[in-house]
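Residue numbers (UniProt numbering): 1 to 441. Don't be surprised by glycine CBs; every beta carbon is placed ideally from N, CA and C. Since the structure is predicted, the reported quantities are computational estimates derived from the model, not experimental observations. Below: the structure, in structure tokens.
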């Protein structure tokens, strides 16, 4: 057994095996001589209310000043990508939706667009299905930003913001529940379209929400933007300029707050985003304050897109016409989520043996996807979400890997926090808006 630079390793018949423990905590603490300097090593997280989930930060402090930060991730690893290899392509949506649990519809959209690209059916997705996808993604973007505003407000002392942000988010989750049967982890987007049409009652709620939220946004700004404590905790804090963002691969509101208007909905449009009128908000301060301003402006732009999507929502099919891919069951929303329509099951069991056989084969085995590999990127609330999907021609994915923006953006914590005060680690980390479910997957 030998010791590499990272972990204990040994050779076995299966190859080299590494024994990974709790990181290099002993090495870090052992290198600090308590007599010759005043540095202390502090473990912040993974059970900490202000690290946005199970994120662990190993901090080396000299007084209140941060000398070194080491982000440690992996505490919420759920094996989502590996599980996809043992399920058919349609079942994959129920796994990817659980990665970044605050933006489940974006996980589903990235995955479905990748599968559709492999199938070569991107242009066959119906207009209504694409419009519903845009509508629900923008609602999800607002709900995600509201959680960011709520949690960041609480971490910086504005506890009222926590209550208000979650109150408004509930309104959106009610719309999701009415349409898909579930408030989170919907599996609503499917390869080929969406699982369920939007009921008229949900459309009415969305229109009411378009009137309701702008008034609340003004209240948030009145409460926060002019507040001296909020300004002191955000302005000039955790600065990361465009050069730093590009060097680290940082995308989303963090990159746009540094002045670069890079938004995949504009630069590489998908789902018909090229047909919508909206602006890409930017700031020039490259700090926590700039990220706050950008996210508030993005909520307003999403409201504009939602209004346009409602106007474009014409009657029509919500799934592609190809019955070799389209999910054969008509689904119904019940108290426990979405499931098979009992009327449809009774029909195919009592009237059509061919329909029953086709339904059974497609549901249990799934459709085959031509061999190949694709990479699809979409604009997630936290930045670029990429899905790299590989097919070997079978009914299951050979490999699916997600480039999650939370994982990539967390690289920025040392660049933003080292040399600053301990309190600014909280503000800087919160401004990245990391979700550890997406980061660790």
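Using DSSP's beta-bridge definition, name the partner residues of residue i.
{"i": "residue 389", "result": "374 and 400"}
{"i": "residue 281", "result": "Note: residue 281 sits in no beta bridge, so no partner."}
{"i": "residue 44", "result": "57"}
{"i": "residue 319", "result": "193"}
{"i": "residue 421", "result": "65"}
{"i": "residue 39", "result": "62"}
{"i": "residue 380", "result": "383"}
{"i": "residue 10", "result": "17"}
{"i": "residue 464", "result": "Given a span of 1 to 441 for the chain in the structure shown, any question on residue 464 remains unanswerable."}
Nearest-angstrom Cα distance between residue i and residue j?
{"i": "residue 244", "j": "residue 390", "result": "32 Å"}
{"i": "residue 102", "j": "residue 113", "result": "20 Å"}
{"i": "residue 222", "j": "residue 214", "result": "13 Å"}
{"i": "residue 131", "j": "residue 137", "result": "10 Å"}
{"i": "residue 74", "j": "residue 435", "result": "12 Å"}
{"i": "residue 425", "j": "residue 70", "result": "12 Å"}
{"i": "residue 148", "j": "residue 182", "result": "21 Å"}
{"i": "residue 437", "j": "residue 351", "result": "45 Å"}
{"i": "residue 127", "j": "residue 187", "result": "20 Å"}
{"i": "residue 141", "j": "residue 15", "result": "44 Å"}
{"i": "residue 307", "j": "residue 212", "result": "13 Å"}
{"i": "residue 401", "j": "residue 233", "result": "37 Å"}
{"i": "residue 56", "j": "residue 43", "result": "7 Å"}
{"i": "residue 366", "j": "residue 376", "result": "22 Å"}
{"i": "residue 386", "j": "residue 278", "result": "23 Å"}
{"i": "residue 427", "j": "residue 152", "result": "7 Å"}
{"i": "residue 274", "j": "residue 125", "result": "16 Å"}
{"i": "residue 433", "j": "residue 198", "result": "30 Å"}
{"i": "residue 442", "j": "residue 399", "result": "This structure gives no information on residue 442, because the portion of the chain shown stretches from 1 to 441."}
{"i": "residue 319", "j": "residue 396", "result": "21 Å"}
{"i": "residue 171", "j": "residue 209", "result": "8 Å"}
{"i": "residue 362", "j": "residue 327", "result": "7 Å"}
{"i": "residue 143", "j": "residue 61", "result": "36 Å"}
{"i": "residue 216", "j": "residue 92", "result": "37 Å"}
{"i": "residue 372", "j": "residue 179", "result": "34 Å"}
{"i": "residue 410", "j": "residue 393", "result": "35 Å"}
{"i": "residue 97", "j": "residue 284", "result": "34 Å"}
{"i": "residue 115", "j": "residue 266", "result": "22 Å"}
{"i": "residue 38", "j": "residue 72", "result": "24 Å"}
{"i": "residue 64", "j": "residue 405", "result": "30 Å"}
{"i": "residue 368", "j": "residue 9", "result": "40 Å"}
{"i": "residue 403", "j": "residue 224", "result": "33 Å"}
{"i": "residue 59", "j": "residue 51", "result": "13 Å"}
{"i": "residue 374", "j": "residue 206", "result": "34 Å"}
Would you say residue i and residue j are within 8 Å of each other, going by their C-beta atoms?
{"i": "residue 442", "j": "residue 238", "result": "Residue 442 lies beyond the residue range present for the chain, which begins at 1 and ends at 441; the question has no answer from this structure."}
{"i": "residue 305", "j": "residue 276", "result": "yes"}
{"i": "residue 150", "j": "residue 230", "result": "no"}
{"i": "residue 164", "j": "residue 220", "result": "yes"}
{"i": "residue 309", "j": "residue 134", "result": "yes"}
{"i": "residue 257", "j": "residue 300", "result": "no"}
{"i": "residue 380", "j": "residue 95", "result": "no"}
{"i": "residue 430", "j": "residue 155", "result": "yes"}
{"i": "residue 109", "j": "residue 189", "result": "yes"}
{"i": "residue 303", "j": "residue 412", "result": "no"}
{"i": "residue 41", "j": "residue 250", "result": "no"}
{"i": "residue 80", "j": "residue 441", "result": "yes"}
{"i": "residue 356", "j": "residue 349", "result": "yes"}
{"i": "residue 194", "j": "residue 129", "result": "yes"}
By the 10 Å Cβ neighbour count, where 16 or more other Cβ atoms means buried, how is residue i classified, buried or exposed?
{"i": "residue 161", "result": "buried"}
{"i": "residue 255", "result": "buried"}
{"i": "residue 317", "result": "exposed"}
{"i": "residue 315", "result": "exposed"}
{"i": "residue 200", "result": "exposed"}
{"i": "residue 417", "result": "buried"}
{"i": "residue 295", "result": "buried"}
{"i": "residue 49", "result": "exposed"}
{"i": "residue 167", "result": "exposed"}
{"i": "residue 17", "result": "exposed"}
{"i": "residue 383", "result": "buried"}
{"i": "residue 228", "result": "exposed"}
{"i": "residue 293", "result": "buried"}
{"i": "residue 47", "result": "exposed"}
So residue i packs on residue j, CB below 8 Å; how close in whole Å?
{"i": "residue 192", "j": "residue 378", "result": "Not a contact, Cβ separation roughly 17 Å."}
{"i": "residue 280", "j": "residue 263", "result": "4 Å"}
{"i": "residue 54", "j": "residue 420", "result": "Incorrect: roughly 23 Å between the Cβ atoms, too far for contact."}
{"i": "residue 175", "j": "residue 139", "result": "6 Å"}
{"i": "residue 118", "j": "residue 370", "result": "6 Å"}
{"i": "residue 252", "j": "residue 282", "result": "Wrong, their Cβ atoms sit about 12 Å apart, outside the cutoff."}
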